[in-house]
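To start, the structure itself, in structure tokens.
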Amino acid sequence: MSGGDIAGLIAAGVFAVLVVLLAVPIWKLGKVFDELRGAIRTISDETTPLIGEVTSTVSTTNLQLQKVDGISSNVSDATANISALSSLVAATLGSPLIKVSAFSYGVRTALASRSKGRGRRSR
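Under full-length UniProt numbering, the first residue of the sequence shown is numbered 1, with each subsequent residue one higher.
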């Protein structure tokens, strides 16, 4: 064996060691990609039923909101009716009550001034 053959063997050995040293990180990187693929598959398998449940929940919520909308419109109508009724009662009974109140106040005042007048004369 000549010096060139020995140098070639040494270079081939160094190259083989270098390939082995680079193969280990590549092997580990392959395992990382396998784990990543498994995690993505698991997420995909768990997300599909979750999306179905969310769709069902949103549909149920929309139905309940429609019911609440109906209730709130009925409450609004009832409030408008009560407001109109109170305005009608105030207009119907308010003016006569004010007149009766003013009349009774006038009668009380007249009776009070008359009784004061009699009390002074008797002294």
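Built from N, CA and C at the ideal position, the CB exists for glycine as well.
To which residues of the same chain is residue i closer than 6 Å at the C-beta, ignoring the five residues directly before and after it?
i: Val100; result: none
i: Arg41; result: none
In this structure, does DSSP put residue i in helix, strand or coil?
i: Ser2; result: coil
Could you name the residues of the same chain whose beta carbon sits closer than 7 Å to that of residue i, not counting the 5 residues immediately before and after it, in chain order?
i: Val20; result: none
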